[in-house]
Structures are given as C-alpha cells and as structure tokens.
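So the structure is just underneath, and the comments pick up after that.
Protein chains: 2
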Amino acid sequence: MTATADRQRQGWGKALRPTTKVLPEHARAHNRSMVLAHLFHAGPGSRADLARSTGLTRVTVSDLVASLMAEGLVAELGVRPEGRVGKPATLVGLRTDSFQIVAVDLADDERMHGAVLDLAGLVVERRSTAVDGRTGESAVRALTDFCAELVEAATCPVLGVGVGSPGVIDAAGTVLEAPNRGWYDVPLASTLESALGVPVHVANDANTAVLGEFTYGGATGSGLLVLTVGEGVGAGIVLDGALVKGHRHAAGELGHVTVVDERDDVDGAPLGPALECACGRRGCLETVLSVPALRRRVAGLDPQSTDAALASVGRRLGILLAPVVSALNLSEVVFSGPPDLLDGPLRSAALESLRERTMPVISSTLELRMTTLGEDGALSGAAVLVLSGQLGVT
Amino acid sequence: MTATADRQRQGWGKALRPTTKVLPEHARAHNRSMVLAHLFHAGPGSRADLARSTGLTRVTVSDLVASLMAEGLVAELGVRPEGRVGKPATLVGLRTDSFQIVAVDLADDERMHGAVLDLAGLVVERRSTAVDGRTGESAVRALTDFCAELVEAATCPVLGVGVGSPGVIDAAGTVLEAPNRGWYDVPLASTLESALGVPVHVANDANTAVLGEFTYGGATGSGLLVLTVGEGVGAGIVLDGALVKGHRHAAGELGHVTVVDERDDVDGAPLGPALECACGRRGCLETVLSVPALRRRVAGLDPQSTDAALASVGRRLGILLAPVVSALNLSEVVFSGPPDLLDGPLRSAALESLRERTMPVISSTLELRMTTLGEDGALSGAAVLVLSGQLGVT
DNA sequence: TCACATTTGTTAGTAGACCTTCCTTACTAA
DNA sequence: TTAGTAAGGAAGGTCTACTAACAAATGTGA
Numbered sequence: 185m186t187a188t189a190d191r192q193r194q195g196w197g198k199a200l201r202p203t204t205k206v207l208p209e210h211a212r213a214h215n216r217s218m219v220l221a222h223l224f225h226a227g228p229g230s231r232a233d234l235a236r237s238t239g240l241t242r243v244t245v246s247d248l249v250a251s252l253m254a255e256g257l258v259a260e261l262g263v264r265p266e267g268r269v270g271k272p273a274t275l276v277g278l279r280t281d282s283f284q285i286v287a288v289d290l291a292d293d294e295r296m297h298g299a300v301l302d303l304a305g306l307v308v309e310r311r312s313t314a315v316d317g318r319t320g321e322s323a324v325r326a327l328t329d330f331c332a333e334l335v336e337a338a339t340c341p342v343l344g345v346g347v348g349s350p351g352v353i354d355a356a357g358t359v360l361e362a363p364n365r366g367w368y369d370v371p372l373a374s375t376l377e378s379a380l381g382v383p384v385h386v387a388n389d390a391n392t393a394v395l396g397e398f399t400y401g402g403a404t405g406s407g408l409l410v411l412t413v414g415e416g417v418g419a420g421i422v423l424d425g426a427l428v429k430g431h432r433h434a435a436g437e438l439g440h441v442t443v444v445d446e447r448d449d450v451d452g453a454p455l456g457p458a459l460e461c462a463c464g465r466r467g468c469l470e471t472v473l474s475v476p477a478l479r480r481r482v483a484g485l486d487p488q489s490t491d492a493a494l495a496s497v498g499r500r501l502g503i504l505l506a507p508v509v510s511a512l513n514l515s516e517v518v519f520s521g522p523p524d525l526l527d528g529p530l531r532s533a534a535l536e537s538l539r540e541r542t543m544p545v546i547s548s549t550l551e552l553r554m555t556t557l558g559e560d561g562a563l564s565g566a567a568v569l570v571l572s573g574q575l576g577v578t
Numbered sequence: 185m186t187a188t189a190d191r192q193r194q195g196w197g198k199a200l201r202p203t204t205k206v207l208p209e210h211a212r213a214h215n216r217s218m219v220l221a222h223l224f225h226a227g228p229g230s231r232a233d234l235a236r237s238t239g240l241t242r243v244t245v246s247d248l249v250a251s252l253m254a255e256g257l258v259a260e261l262g263v264r265p266e267g268r269v270g271k272p273a274t275l276v277g278l279r280t281d282s283f284q285i286v287a288v289d290l291a292d293d294e295r296m297h298g299a300v301l302d303l304a305g306l307v308v309e310r311r312s313t314a315v316d317g318r319t320g321e322s323a324v325r326a327l328t329d330f331c332a333e334l335v336e337a338a339t340c341p342v343l344g345v346g347v348g349s350p351g352v353i354d355a356a357g358t359v360l361e362a363p364n365r366g367w368y369d370v371p372l373a374s375t376l377e378s379a380l381g382v383p384v385h386v387a388n389d390a391n392t393a394v395l396g397e398f399t400y401g402g403a404t405g406s407g408l409l410v411l412t413v414g415e416g417v418g419a420g421i422v423l424d425g426a427l428v429k430g431h432r433h434a435a436g437e438l439g440h441v442t443v444v445d446e447r448d449d450v451d452g453a454p455l456g457p458a459l460e461c462a463c464g465r466r467g468c469l470e471t472v473l474s475v476p477a478l479r480r481r482v483a484g485l486d487p488q489s490t491d492a493a494l495a496s497v498g499r500r501l502g503i504l505l506a507p508v509v510s511a512l513n514l515s516e517v518v519f520s521g522p523p524d525l526l527d528g529p530l531r532s533a534a535l536e537s538l539r540e541r542t543m544p545v546i547s548s549t550l551e552l553r554m555t556t557l558g559e560d561g562a563l564s565g566a567a568v569l570v571l572s573g574q575l576g577v578t
C-alpha cells in the first residue's frame with residue numbers, strides 16, 4: 185500500500201472549542217436536577233420509584249432526597265395508600281409552597297404583565313401596570329419597581345425573577361437591542377438582580393414562550409417552534425430540549441423575513457403590494473401577520489372574504505415555514521396569539537401549504553396547533569427560565 | 185394578597201424527559217475528551233499548558249495524560265525548545281500514527297469512495313469501487329467488502345469506520361430509507377460492525393459533510409449549515425457544536441421543499457414552469473439546484489445567459505434559505521458541490537437575495553462561502569463521526 | 001559565582017460522589 | 001405462623017479531582 189498523503193489537512197491550528205471541565209460535583213448537581221425534574225413532571229413518588237426511573241441506586245436517591253429535603257424543596261407526604269407486597273413506600277414530593285417565582289412579560293407595549301407563581305407553574309397572584317410610554321432608563325426603573333412589588337406580593341421565599349422581553353437578549357440577560365423600549369446594551373438581569381436581591385433571568389419573549397410551551401404545553405417530540413403573533417411576530421425554537429440561541433442571540437427573528445415580493449402573483453388571493461415595514465424594508469412577515477396588520481386586513485370584510493384574507497396570509501406563512509420545518513424536521517409548530525385570527529383559515533391554510541411544500545417524512549408527523557397556554561405563554565416561560573436556571577428543571 | 189389560582193396547570197402528568205444519570209466516571213470521560221480535543225485542535229503542548237487551557241489542575245491532567253499514553257493515543261515529544269524561565273516543559277502530542285480511521289462516502293450513485301485517514305484527518309490511502317447498480321442486500325455486501333478492503337489497507341489499528349450515506353438514518357446507524365440504494369430499515373452500522381469487528385458509525389452524507397466542515401473547515405461561529413449539491417440536494421446543520429438530527433432523523437432534507445410555484449413570476453428571469461420531481465411533486469429545490477438539473481439548465485447557453493440562469497436559481501435558493509437563516513441566526517452557510525456551477529453568479533445571487541430578505545442583525549454577520557474541503561467533505565465528516573464517537577473529539 | 005525566583009511535574013493526603021453489600025422494617029400470601 | 005417481597009438505611013469500597021508540598025531544572029540578579 186502507498187501512503188498517499190494527498191492533502192494538507194492537519195487538525196492543528198484550529199480555533200479552540202469552548203469546552204469546560206466537568207467535576208464530580210457537577211454530576212451530583214445533574215442528578216439532583218434529574219430527581220427534581222422527575223418529581224416536577226411525574227408528581228410525587230417513593231425514593232425507590234425515583235431510583236428506578238433515574239437509573240441511580242436507592243442509596244444515592246435517598247441521599248439526594250435528604251439534601252433536597254434539607255433545602256426545603258421536597259417533603260415526605262406519608263405512605264402510599266395502595267397496598268402492594270413489601271414495605272409500604274413513603275412518598276416524597278415537590279414542596280410547591282416552599283418557594284415562589286416572579287415572572288414578567290414585557291411583550292405588550294402598553295402594560296407590563298407580571299405574576300407570582302408556585303413551583304408547579306400555577307399562578308398565585310397576578311398584577312399589571314401601565315407602561316405610560318416610558319422608555320430607556322425610565323422604563324428600567326418602572327420595571328424594577330414592578331418586580332419589587334411582585335416580590336413583595338410573594339408569600340414565601342422567591343426562587344428568582346424571570347423576564348420575557350422583546351428584543352435581542354444575550355445569555356447573561358443583557359438586552360442588546362429592544363427598539364420598542366429604547367434599550368440598547370442594557371444589562372437588565374444584573375441591574376434587576378442587584379436591586380431586588382434575588383436571581384434574575386431575562387430572555388426574549390418568543391424564547392420564553394417556547395420554553396413555556398415546552399414545559400407546560402403538550403410538547404411531545406424533540407423539535408418545537410412557537411410563533412408568537414402580537415404587535416410583532418417572533419419565534420422561539422427548542423431542539424433536543426435546548427433553546428436555540430443563535431450566533432448573535434437573534435434566533436427566531438422571523439418577523440422581518442420577506443414574504444411578499446414586489447411582483448407577486450403566487451397566490452389565487454394575492455396579498456397586494458409589498459407593504460412598508462417599520463424596519464425600513466418592504467414585505468416583511470410582520471406587515472401581514474402581526475395582529476394590527478391582520479386586523480387592518482380583515483376590517484370591514486364579510487365573513488367569507490375575511491376567511492379568504494386570513495387563508496391568504498396562512499399560505500404565505502406556510503411557504504415561509506416550509507424550509508424551516510424541513511431543515512430542522514420539527515415535530516410541532518405552535519401558534520401563540522389571538523385565536524380568532526390565527527386558529528381558523530389562517531392555520532388551516534398554513535398547514536395545507538406546509539404539507540404541499542414539504543416531503544411526507546417531514547410533514548406527516550408535523551403537528552401545527554394553537555398554544556395550550558393562552559396568553560400566558562411568555563409568562564410561564566419566564567417562570568421556566570427561573571426553574572431551569574435555579575433548579576435545572578425543564 | 186389573594187391567592188388567585190386562575191388556571192389548572194400543574195406540572196404533573198407530563199411526559200418524562202429522557203434525562204440520564206451522570207456518574208463521576210462520565211466526568212472523567214468528558215475531561216479526557218477535552219484534553220484529547222485540545223491536543224487535536226491546538227497541537228502538542230505541555231501538561232501544564234493543558235491544565236491552564238482546560239481549567240483542570242496539573243495533577244489531574246498528568247493523570248489523564250498518563251492513561252492516554254497507556255492507551256497509545258498520545259506520546260511525549262521531548263522538551264519544548266524555547267527557553268523560558270523555569271523547568272523546561274515536556275511536550276505531549278496526539279499520536280497520529282497510533283490509530284487510523286476508515287471513511288466511506290456513498291453519495292455518488294456510481295462509485296463508492298473510501299479512504300484511510302490518520303487521526304489528524306490526513307488521507308493516507310484512497311480507494312473507490314464501482315457500485316454496478318447493486319441495491320438492497322447486494323449493495324450491503326459490496327459495501328462490507330469495500331470496508332473490509334479499506335480496513336485491510338490500514339497500517340495500524342483502526343479506530344473505527346465512518347460511513348456517510350444518502351437517506352434518512354437514525355442515531356444507531358440504521359438506514360430508515362435510502363431509495364437510491366433500495367435500503368429500508370437496514371441496520372447498516374450493526375451489520376458492518378459485526379462483519380468488520382471494529383466500531384462503525386453511519387450518518388446521512390449531508391450530516392457528515394457538515395461535521396467535516398465544522399471540524400476541518402474554517403467554522404468560526406456557532407451556527408453552520410452545509411448545503412450539499414450533487415445528484416440530489418441535502419443539508420446538514422450544526423448548532424452550538426451539536427448536529428441537528430430532527431424529530432424523525434430527517435433534519436436537513438431541503439431537497440424536496442417547493443421553490444417553484446405553478447404561477448410563478450417572482451423573478452425577472454423566471455425559472456419556467458414547476459418541473460416534476462422524482463418524489464412525485466412539482467417544483468422541488470432538487471428540480472433546479474441539483475447538479476444534473478443545473479447542467480441541463482445551462483447546456484448550450486452563452487456565458488451571459490448561463491450566468492443569468494445560475495443567478496436565477498441562486499435567488500430562489502436565497503428565498504428558501506432566508507427563513508432558515510433567520511430562525512436559527514446562523515453564522516455560516518457553506519456550499520458543497522461543483523464550484524463551476526455554485527461558486528459564481530449562483531452564490532452571489534443567493535447571498536444578495538438572503539441579505540435583501542433578512543434583518544441586518546441576521547445577515548450582516550452571515551458568511552456564505554464554498555467548502556474548503558473540496559469533494560472530501562462527506563469523507564472527512566465520516567472520519568469525524570468516528571473521532572467523535574470513539575474519542576469524543578469534535 | 002551563587003542565592004533566589006519561576007515553572008514543571010510528581011507524591012501524598014483529603015473530600016465528594018456513587019457504588020455494592022448487608023441489615024432492619026413492614027407488609028402480603030400461604 | 002412462616003416465607004417472600006419491597007423500602008429504606010448503614011457500612012465500607014472505589015473512583016475522581018482537589019489542595020499542599022516538594023524535587024528538578026532553568027533563568028535572573030546581586
């Protein structure tokens with residue numbers, strides 16, 4: 185044999201991968217989170233149950249449960265009622281009354297919506313406050329006060345504060361740009377954290393929405409996209425249980441992708457000329473799919489024309505989503521927004537268009553549905569942000 | 185405060201997350217891989233260097249290096265020549281001569297291409313064999329023989345065999361469907377593994393291409409899509425260092441997304457009527473972007489018309505990619521295929537179209553380029569499959 | 001020239017994390 | 001009453017990575 189070294193291609197000289205070391209204590213933290221997550225998703229169970237479903241030994245689970253009980257996160261709930269052979273199991277469960285979570289949704293330009301939730305995601309207290317046109321530093325102060333009010337309203341220690349905000353937000357919770365609020369490079373998480381004295385997590389509102397849907401909605405598979413339709417249009421994507429963040433933290437920014445071309449005649453019911461968008465370009469998705477745009481489009485139309493108009497937008501959306509759904513082989517696409525606009529001809533047309541434009545292997549297992557969380561998607565997602573950040577529960 | 189429990193939304197009752205336990209030995213394996221990966225990417229270094237860049241202590245690194253030396257994967261290379269203060273460092277480096285990797289690319293319908301590579305990804309020996317129209321069981325036997333020949337040709341122990349094949353392939357290396365080869369639910373990896381006696385990893389060819397580009401190409405950022413244009417069109421996506429697999433293992437199947445509509449007039453240089461595709465639908469990307477389709481399109485045209493025709497396809501591609509690039513906020517899109525077709529007007533038009541149709545925050549940092557690996561993308565990617573599967577090096 | 005600082009790599013001891021093994025407890029079934 | 005089964009805990013072992021301390025080898029400055 186001839187050693188034909190036909191091309192120079194050594195590994196050296198490449199950029200370093202940002203891997204980090206893993207210590208045994210990280211393994212411990214992971215297993216602790218796993219026990220917690222199991223109690224969270226599957227409800228109370230015995231230590232032996234937990235051992236069986238986690239794969240850890242009963243001894244280890246006992247140890248983990250002991251430390252979780254010491255932290256007040258779980259508690260023994262007495263023996264299991266059903267009589268089976270052997271020693272009766274003592275159930276342990278998440279103490280949903282031990283901590284609470286404060287969540288805030290800033291998607292609405294007019295009002296900030298917030299809530300206090302228990303560890304199971306149940307809303308305990310709901311508040312909102314007017315934005316009154318505040319922007320920049322003033323808006324940060326208003327938000328701080330609002331969060332403080334919510335923390336005050338909690339009836340037990342607050343695990344953390346989660347905020348879902350429009351805009352591009354990095355992993356540290358710094359708002360890189362949020363035109364609506366006039367925020368540019370605002371370190372929102374650290375500012376709130378030092379003001380409130382509790383951990384604060386901030387993320388894009390569409391990303392919190394997808395986290396909420398993933399954790400509390402009926403997420404079945406491994407690829408989930410949530411499209412949030414409000415004053416703007418956004419998207420959040422969870423793949424293999426992890427949020428897609430994007431190279432510049434801008435993943436999911438679908439609102440300003442062009443969907444209407446100048447010379448446009450693709451559709452039987454044309455969308456009309458490409459409309460100017462707030463971003464300065466023309467024909468962006470937001471110019472046809474945002475709530476204001478949809479309301480304008482159907483204003484004064486008779487029911488039949490309304491349906492046709494909505495279906496027309498739906499077809500456009502399907503065309504836009506087809507490449508995304510195919511590239512990622514998603515299992516679910518979920519719409520979050522006003523059902524009267526989204527959950528009829530628009531959704532049907534989008535699904536039909538998606539099916540027409542993708543392979544059966546992609547479209548046959550795809551589900552396209554409305555969120556099960558109503559308007560609280562981003563809010564409960566903000567809570568998930570805290571659960572995930574503080575307890576590792578997703 | 186009133187405890188307003190306004191909606192039933194406990195966590196219980198949800199499907200279990202498929203989390204797995206983590207043991208200290210897994211941490212060990214991770215740290216071992218990290219040391220190995222560092223030697224792979226950054227080249228030889230002292231134990232103290234490795235300690236600094238991994239964050240582990242010198243003691244731990246010494247221990248890891250000792251076990252890696254015992255396995256024959258690394259070796260001491262003598263003292264570092266540069267004279268600095270202190271005890272001279274003894275360099276440790278990956279022994280690229282200790283193991284070899286066999287890689288096979290099945291993307292070509294006519295010939296199977298294979299190679300023996302060293303641990304640095306350098307091709308040591310190159311072979312190919314005619315497919316001769318074999319399909320099904322017969323094709324599996326031919327592949328087995330070809331792999332055995334390559335394993336035979338290796339001059340030192342074979343770390344594993346990596347295969348890149350068209351089709352939908354699951355994580356275990358079972359080909360769920362590959363029409364070109366007539367393979368349906370063929371457990372290719374386990375079949376080859378038992379025949380060859382070495383670990384075998386099988387993945388979709390577009391996925392191996394993106395792995396190759398990620399590891400050996402100039403992947404700079406965190407989101408990479410490789411579009412492979414050959415007899416068909418495929419794509420592979422790496423996000424945050426991990427391959428996107430998809431709900432049904434079909435991520436990247438972009439070849440059969442519709443890009444040409446029946447009533448199509450979007451473009452100044454229209455693509456003509458939607459062509460029938462092998463998949464039974466019309467207007468799929470493959471009907472305009474595959475190598476045969478492109479060759480047909482430009483056959484007999486003068487240079488100027490050729491450019492216009494290629495640009496027209498490029499614009500279509502840009503329209504298709506815009507939602508994907510936006511949804512994932514990719515940092516790089518890489519084309520793999522014949523440069524004479526792809527690397528001119530087609531690529532320019534695609535980039536221009538992408539920029540026109542996406543937000544600046546998405547497009548300004550996006551790079552759209554040809555692969556740096558030539559035709560070996562899928563081949564070196566298949567080697568990465570082995571490196572990653574056996575050593576945890578990516 | 002010689003003491004001292006600096007860096008490398010190793011040895012010894014410690015703390016944490018999980019495991020296996022064995023025991024007690026408490027219940028069901030015959 | 002006796003055997004069998006299951007839950008939970010105690011004891012001891014192994015593995016992992018850490019800190020502390022040290023020897024070796026080199027450069028630096030008085």
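Protein chains in written order, with this note's numbering: chain A, 185 to 578; chain B, 185 to 578.
Where is the CB? At the ideal position from N, CA and C, for every residue including glycine.
Since this is a predicted model, take the numbers as computed values, not measurements.
Taking a cut of 8 Å between CB atoms, which residues from the stretch 408-429 of chain A lie near chain B?
Listed in sequence order: Leu409, Ala419, Ile421, Leu423, Asp424, Gly425, Ala426, Val428, Lys429.
Using beta-carbon positions only, say whether Leu275/B and Arg264/B come within less than 9 Å of one another.
Taking the first residue of the second sequence as 1, we reach residue 275/B at position 91. Taking the first residue of the second sequence as 1, we reach residue 264/B at position 80. For Leu275/B and Arg264/B, yes; Cβs fall inside 9 Å.
Can the beta-carbon of Gly430/A be found closer than 9 Å to that of Gly439/A?
By one-based count along the first sequence, residue 430/A stands at place 246. By one-based count along the first sequence, residue 439/A stands at place 255. No, they are not a contact pair.
Label Ser520/A either buried or exposed according to how many other C-beta atoms from any shown protein chain fall within 10 Å of its C-beta, with 16 as the threshold for buried.
By 1-based counting over the first sequence, the position of residue 520/A is 336. Flag for Ser520/A reads buried.
When the cut-off is 9 Å and only beta carbons count, does Thr542/A lie next to chain B?
Translated into positions along the first sequence, residue 542/A becomes position 358. Answer yes: the Cβ-Cβ gap between Thr542/A and chain B drops below 9 Å somewhere.
First and last residue of the beta strand (DSSP E) that includes Ala403/A?
Taking the first residue of the first sequence as 1, we reach residue 403/A at position 219. Looking at the DSSP string, Ala403/A is not in any beta strand (DSSP E), and its letter there is neither H nor E.
Taking DSSP as the reference, what is the three-state secondary structure of Thr490/B?
Locating residue 490/B in the second sequence gives position 306, where the first residue counts as 1. Helix.
According to DSSP, is Thr274/A helix, strand or coil?
As a first step, residue 274/A is located in the first sequence; it is residue number 90 there, counting from the start. Thr274/A: strand per DSSP, three-state reduction.
Please give the ranges of any alpha helix (DSSP H) in the stretch 345-382 of chain A, keeping only runs that are unbroken, at least 4 residues long and fully inside the region.
The stretch 345-382 of chain A contains these whole alpha helix (DSSP H) runs: 372-380.
Does Glu397/A get closer than 9 Å to chain B when you measure Cβ to Cβ?
Within the first sequence, numbered from 1, the residue matching residue 397/A stands at position 213. Glu397/A does not count as touching chain B.
Below 8 Å on the Cβ atoms is my contact criterion, and I expect Ala259/B with Thr578/B to pass it. Report the Cβ-Cβ distance as a whole number of Å.
The count along the second sequence starts at 1 and reaches residue 259/B at position 75. The count along the second sequence starts at 1 and reaches residue 578/B at position 394. About 22 Å separates the two Cβ atoms, so there is no contact after all.
Any idea what DSSP makes of Asn391/B, helix, strand or coil?
Taking the first residue of the second sequence as 1, we reach residue 391/B at position 207. Helix, per DSSP.
Mind checking the stretch 544-560 of chain A against chain B and listing, in chain order, the residues whose C-beta falls within less than 7 Å of any C-beta there?
Per Cβ criterion, the list reads Val545, Ile546, Thr549.
Check each candidate in Val245/A, Val352/A, Asp233/A, Leu278/A and name the one with the smallest Cα separation from Pro272/A.
Indexing the first sequence from 1 puts residue 272/A at position 88. Nearest of Val245/A, Val352/A, Asp233/A, Leu278/A to Pro272/A, Cα basis: Asp233/A.
Which whole-angstrom value is the C-beta distance of Arg465/B and Leu459/B, which I expect to be below 8 Å?
Counted from its first residue, the second sequence places residue 465/B at position 281. Counted from its first residue, the second sequence places residue 459/B at position 275. So it is not a contact: roughly 10 Å between Cβ atoms.
Specify whether the stretch 383-394 of chain B and the stretch 410-428 of chain B touch according to this definition: at least 3 beta carbon pairs, one from each stretch, less than 8 Å apart.
The answer is yes - the stretch 410-428 of chain B touches the stretch 383-394 of chain B, with three or more Cβ pairs under 8 Å.
DSSP puts Phe519/B in a beta bridge; with which residues?
As a first step, residue 519/B is located in the second sequence; it is residue number 335 there, counting from the start. Leu411/B, Met554/B, per the DSSP bridge assignment.
If you measure between the beta carbons of Asn364/B and Pro383/B, is that distance less than 9 Å?
The residue you call residue 364/B lines up with position 180 of the second sequence. The residue you call residue 383/B lines up with position 199 of the second sequence. Contact flag unset, no.
Taking DSSP as the reference, what is the three-state secondary structure of Glu559/B?
Here the question's residue 559/B lines up with position 375 in the second sequence. In the structure shown, Glu559/B sits in a helix (DSSP, three-state: H, G or I).
Which two residues bound the contiguous alpha helix (DSSP H) that contains Ser178/B?
Missing from the structure shown is residue 178/B; chain B here goes from 185 to 578 and no further.
Counting contacts by CB-CB distance shorter than 9 Å, is Thr358/A in contact with chain B?
Counted from its first residue, the first sequence places residue 358/A at position 174. It does not; no Cβ of chain B falls within 9 Å.
Please classify Glu255/A as buried or exposed, where buried requires at least 16 neighbouring CB atoms within 10 angstroms.
One-based indexing of the first sequence puts residue 255/A at position 71. The residue in question, Glu255/A, is exposed, as its Cβ has fewer than 16 Cβ neighbours within 10 Å.
Please list, in chain order, the residues of the stretch 367-394 of chain A that have any C-beta partner in chain B closer than 7 Å.
Within the stretch 367-394 of chain A, no residue qualifies.
Could you tell me how far apart the beta carbons of Ala506/A and Thr442/B are, in whole angstroms, since I believe they sit closer than 8 Å?
Position 322 of the first sequence holds residue 506/A. Position 258 of the second sequence holds residue 442/B. Confirmed, Cβ separation roughly 7 Å.
Measuring straight from C-alpha to C-alpha, what distance separates Glu333/B and Asp560/B?
On the second sequence, position 149 is the one that residue 333/B refers to. On the second sequence, position 376 is the one that residue 560/B refers to. Those two C-alpha atoms are separated by around 20 Å.
In the DSSP assignment, what residue or residues form a beta bridge with Glu460/B?
Here residue 460/B refers to the residue found at position 276 when the second sequence is read from its first residue. Arg466/B, per the DSSP bridge assignment.
In the DSSP output, what is Ser230/A paired with across the bridge?
Locating residue 230/A in the first sequence gives position 46, where the first residue counts as 1. Ser230/A is bridged to Leu275/A.
How would you call Ala189/A, buried or exposed, if buried means at least 16 neighbouring beta carbons within 10 angstroms?
Taking the first residue of the first sequence as 1, we reach residue 189/A at position 5. At Ala189/A, the pLDDT of 29 sits below 50, so the modelled position is not reliable; the number obtained from the coordinates is stated separately. That one is exposed.
On the criterion of 16 or more Cβ atoms from any shown chain inside 10 Å, does Val570/A qualify as buried, or is it exposed?
Taking the first residue of the first sequence as 1, we reach residue 570/A at position 386. The residue in question, Val570/A, is buried, as its Cβ has 16 or more Cβ neighbours within 10 Å.
Whole-angstrom Cβ separation of Val315/A and Leu409/A, contact assumed at under 8 Å?
Within the first sequence, the letter at position 131 stands for residue 315/A. Within the first sequence, the letter at position 225 stands for residue 409/A. Actually they are not in contact, since the Cβ atoms of Val315/A and Leu409/A sit about 28 Å apart, beyond 8 Å.
Please report the straight-line C-alpha distance between Ser532/B and Ala495/B, rounded to a whole angstrom.
Here residue 532/B corresponds to residue number 348 of the second sequence, with the count starting at 1. Here residue 495/B corresponds to residue number 311 of the second sequence, with the count starting at 1. Their backbone Cα atoms lie some 7 Å apart in a straight line.
Out of Thr203/A, Ser217/A, Gly484/A, Ala211/A, state which residue places its alpha-carbon closest to the alpha-carbon of Gln574/A.
Here residue 574/A is taken as the residue at index 390 of the first sequence, counted from 1. It is Ser217/A.
Could you list which residues in chain A have their beta carbon closer than 9 Å to that of Ala506/B, in chain order?
Translated into positions along the second sequence, residue 506/B becomes position 322. In chain order: Val441, Thr442, Leu504, Pro507.
Can you name the start and end residues of the beta strand (DSSP E) that Met253/A belongs to?
Locating residue 253/A in the first sequence gives position 69, where the first residue counts as 1. Per DSSP, Met253/A belongs to no beta strand (DSSP E); it is in the alpha helix (DSSP H), 242-254.
Relative to the C-alpha of Ser547/A, which candidate in Thr313/A, Leu538/A, Ala250/A, Glu377/A has its C-alpha closest?
Mapped onto the first sequence, residue 547/A falls at position 363. Measuring from the Cα of Ser547/A, the nearest candidate turns out to be Leu538/A.
Could you spell out where the beta strand (DSSP E) holding Glu309/B opens and where it closes?
Here residue 309/B refers to the residue found at position 125 of the second sequence. From DSSP, the beta strand (DSSP E) with Glu309/B extends over 307-314.
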